[in-house]
Amino acid sequence: MCAPFSNNEDSAEPGGSPEEARARRAKLARKWAYLISTTAYLPLQHTEVERQLLELVDRLFDSVLSEPFESAPAGEAGTRLVELQCVGRDSIRRSVEVLGKAMLREPELSRADNLADRIVLVLGEMTADYSETLRLVTQQRQELLNQSLLNVARDSRRKLKISRAQFDEIFSRTTSGVALTELDGRLLRANPALAKTLRRSTAELAELTLFDLVHAEDVDDLRDAYQELLADQTRLRQTCRLLAQDGETMWASFTATLVRDEEGEPHHFVTIIDDDTEVSLLQRRLSHQSLHDALTGLPNRQFFSTRLENALRHADPATGITLYHLDLDGFSLVTDGLGHDVGDRLLKTVAGRLQSIFAPENAIVARVGGDEFCVLVVNTPGTPDVVTTVRRIHQELSAPIYVNGHRGVAASASIGVVHRPARDTDPAELLRAADMTLRRARRNGHRQWQLFDAAQDLRDRKAFSLAATMPGAWETGEIRVVYQPMVRLGDERVIGIEALLQWDHPELGPLPHGRCLKVADETGLSLPLGNWFVRSACEEMRGWQTRSGQDLPLALGLTPNLAADPDLVGGIQRTLDETGLSPEWLRPGFPIQALLTDHGEAVDNVRVLADIGIESEVHGYGATGDVECLEDLPVQAVRVARRLVQRQTERAGEDSLVARSLTNLIEIAHLAGVDVIVDGIRTGRQASWWRAAGGDVGAGRHFRPAPGGLPAPAARN
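Read in order, the letters of the sequence shown are residues 26 to 742 in our numbering.
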């Protein structure tokens, strides 16, 4: 690990070459972009903000150097800042501050007469136009708001007319009988459906009360129900007998609501009257829909779970049951490429083929998810074995179907199988076991299948349990920050401290840093936990520096998600400002996979951190393809991948290919001008080997404890 870096002043002569001048302008634009992005939300990528601000730097410099001098063109920069949404409270102040300081020191501008006066006039012009443009934008927004309010009022009146028209449409066309009545039951209006049910005309109904339409034995109960509705404002639900024109009676359900006027006083009743015959039919239809998939007609998960429980209890103990859980491979490719209609057609075809496959058996096929199916087979002595059944499923599903002139579309499936589970197994547990088995099959690729393995299932459940309990463990303080020394391999002198996460698990014991990061990524905790980790380590490091009087760099490894977080630089800057730790003492470690596979955020973070004085490390170095990071990025050190450290330990004393390749990688890193860090050194023999191979810095069990002690573990706030 190198000593803390120092900021060297530019050594170029005043003005310098055009390339040097251009580079200084770009650097100013980058610094300006970083500072202004902390004052306002900018709806652009950071690189685009830098490009836009570089154009404004060019405009301002040209204005300062103009002969005869003309400051007016600089005003466009203020207008452009407002257009870029740089309208935070401190945006213009930060801009004037960074530009003023940089322009006074800029060699390129030194040849201008009365430079300070010109800069003041140019920045004043920019500030004036900024203020005027911001005033106009605010005024325009106010006008838009006023117009929006007028539109809302106009729209409300229009919607009221539409609502009335819609009510009339529904009232006249609904198949349910609807009656509007006075509070005493006199009919104000009845729809055609009610007249048809009662075999009367709407004119005849207008001369009656609602109670005239009800069987005499039910009138008193219905009248009491309406009085209760009027008293306590609850909805009325009542069943009674209606009288048709010819005296025929029919059972009907009454659902009534009290309508109030603008002053909140009771005005009239709205009553919906349904023939219970139709309601019964509808209830049966809804019951079927609630238990079956609408697209394929297959039973759904709820229905399937009920049948599964029954089959478990009553199946022949000698043969038991078998549960198949299928998930179509690449189904999203079909819907995204050919449309959801084709996807629906494929699902229907798969459903039909599965039913055909299991038709000879006592089986039920269900659709339990988007493209997931379950099959329950109650086995008999003649039921085909699992391998034969799986082979037939693959064979039947692979036959293509032709939809709307498209080329043949075929399906393949990953399958999880639970064969002959115990009779006392809980149905929900059985479905979970089948789902977990399916997941393991999918990890092996398409068209794969797996048989339930109790031992593997237990291991998976422990891993998932670990992930599920991590948030609670963090909250209760089981996860803490610990520290290890970083030593120079040449003389084993402590030259830095590394912060690590440790989970003091009550059952599994201490879980190391790497496993904590892996579980955090799986649970979505990598960003909040990572930010807490950085802040806690910086706070402890600053306190330790004060207590011990020592200044040592603090290294800490980032997760891939945290390394690519757009707010990483801002978060680190805030942490340093609040803790008082100097940037020169912080060494964030970026995973190599984040730098090679990320879309630019992690790379940008490394570069911006370097600009503000924070040197970074590359973690996981171990392939010739990693060299590009050393050439392209301003990193201070690389850390050898732990798998290679472990491999070297296993082959200690051998002249293996691993040993030769490690020596070559170290030489390449040194050619790139970076240090090589080796973590995981447990013995003096290992330390000697890495020292001889060219390693610069070591860490691990062999070097603990560090002289002078380390920071105390960090407690969560």
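All C-beta atoms, glycine included, are put in the ideal place defined by N, C-alpha and C.
CB of residue i within 8 Å of CB of residue j, strictly
i, j, result
"Gly614", "Ala580", "yes"
"Ala281", "Leu254", "yes"
"Val443", "Phe477", "yes"
"Gly113", "Ala65", "yes"
"Leu542", "Leu526", "yes"
"Leu79", "Ala99", "no"
"Ala459", "Gly441", "yes"
"Gln235", "Ala204", "In the sequence under discussion, the amino acid at residue 235 is Leu, which differs from the Gln named in the question. Result yes, Cβ atoms of Leu235 and Ala204 sit closer than 8 Å."
"Ile117", "Thr152", "yes"
"Pro585", "Leu550", "no"
"Ile617", "Val633", "no"
"Thr408", "Thr344", "yes"
"Cys704", "Gly725", "The sequence shown places Asp at residue 704, rather than the Cys named in the question. Yes."
"Cys399", "Leu483", "no"
"Asp300", "His471", "no"
"Val147", "Val107", "no"
"Arg326", "Gln270", "no"
"Lys56", "Asp602", "no"
"Gly582", "Asn556", "no"
When the options are compared against residue i, the one with the closest alpha-carbon
i, options, result
"Val434", "Gly377, Arg370, Ala480", "Arg370"
"Glu421", "Met461, Ala376, Thr450", "Ala376"
"Leu508", "Ala498, His538, Asp516", "According to the sequence as given, residue 508 is Tyr; it is not Leu. For the residues Ala498, His538, Asp516, the minimum Cα distance to Tyr508 belongs to His538."
"Gln17", "Ala190, Leu669, His695, Thr63", "As shown, the chain starts at 26 and ends at 742. That puts residue 17 outside it, with no answer to give."
"Val84", "Ile144, Lys56, Thr163", "Correcting the residue type first, residue 84 is Arg in the shown sequence and not Val. When only C-alpha atoms are compared, the closest one is Ile144."
"Arg464", "Pro446, Ser439, Arg417, Ser156", "Ser439"
"Gln263", "Asp257, Gln252, Leu247, Thr274", "Leu247"
"Ile693", "Tyr646, Arg612, Gln172", "Tyr646"
"Val101", "Ser62, Gly596, Leu159, Ala384", "With the sequence shown as reference, residue 101 is identified as Glu, and Val is not the correct amino acid for it. That would be Leu159, whose Cα lies nearest to the Cα of Glu101."
"Leu372", "Asp352, Phe328, Gln598", "Asp352"
"Val415", "Ile426, Arg448, His350, Pro425", "His350"
"Ser490", "Phe356, Arg179, Thr548", "Thr548"
"Phe329", "Asp546, Leu129, Trp557, Leu456", "Leu456"
"Ile426", "Thr374, Arg445, Pro385", "Thr374"
"Gly502", "Gly364, His530, Leu583", "His530"
"Gly759", "Pro291, Arg612, Ala493", "Given a span of 26 to 742 for the chain in the structure shown, any question on residue 759 remains unanswerable."
"Asp410", "Gly395, Phe383, Leu238, Ala436", "Phe383"
"Thr321", "Ser561, Arg378, Asp115", "Arg378"
"Ile195", "Asp245, Thr413, Ala218, Val506", "Ala218"
"Ala436", "Gln473, Val544, Arg448", "Gln473"
"Val652", "Gln252, His695, Ala336", "His695"
Proximal residues to residue i (C-beta, below 6 Å), its chain only, five neighbours per side dropped
i, result
"Ala28", "At Ala28, the pLDDT of 37 sits below 50, so the modelled position is not reliable and the matter cannot be decided from this model."
"Cys563", "Thr600, Thr604, Leu606"
"Gly272", "none"
"Ser31", "Bear in mind that a pLDDT of 33 at Ser31, under 50, signals an unreliable position, so the model cannot answer this."
"Thr688", "Ala718"
"Gln475", "Gly441, Thr462, Arg465, Ala466"
"Gly368", "Val359, Thr360"
"Val74", "Ala58, Leu67"
Spatial neighbours of residue i in its chain, beta-carbon cut-off 7 Å, leaving aside the 5 residues before and after
i, result
"Ser305", "Bear in mind that the predicted position of Ser305 carries a pLDDT of just 48, short of 50, making it too unreliable to give a figure here."
"Asn630", "Ala588, Leu593, Val594"
"Leu323", "His317, Ala376, Val390, Ala391, Arg392"
"Gly699", "According to the sequence displayed, residue 699 carries Val and not Gly. Cβ neighbours of Val699 beyond the five flanking positions: Leu655, Val660, Gln661, Ala662, Val663."
"Glu287", "none"
"Asp576", "Gln570, Trp610"
"Arg572", "none"
"Pro591", "Glu626"
"Val412", "none"
Beta-carbon separation (whole angstroms), residue i vs residue j, contact threshold 8 Å
i, j, result
"Pro68", "Gln110", "6 Å"
"His240", "Leu268", "6 Å"
"Ile298", "Gly202", "4 Å"
"Ile691", "Val722", "Contact flag wrong, Cβ pair sits at about 12 Å."
"His293", "Thr227", "That belief does not hold up - the Cβ atoms of His293 and Thr227 are roughly 17 Å apart, past 8 Å."
Sequence-distant residues of its chain with Cβ nearer than 8 Å to residue i (five each side left out)
i, result
"Asp243", "Cys265, Arg266"
"His727", "Ile706, Arg707, Thr708, Gly709, Gln711, Ala712"
"Arg260", "Leu254, Thr280, Ala281, Thr282"
Distance cut-off 7 Å: residue i Cβ against heavy atoms of the ligand PLP
i, result
"Leu583", "Questions concerning the ligand PLP fall outside what the structure shown contains, since it holds no ligand whatsoever."
Cβ contact (3+ pairs, closer than 8 Å) linking the stretch 87-106 and the stretch 137-157: yes
Report task. Tell me, please, whether the stretch 394-407 touches the stretch 337-347 by the rule of three or more beta-carbon pairs shorter than 8 Å. Result -> yes
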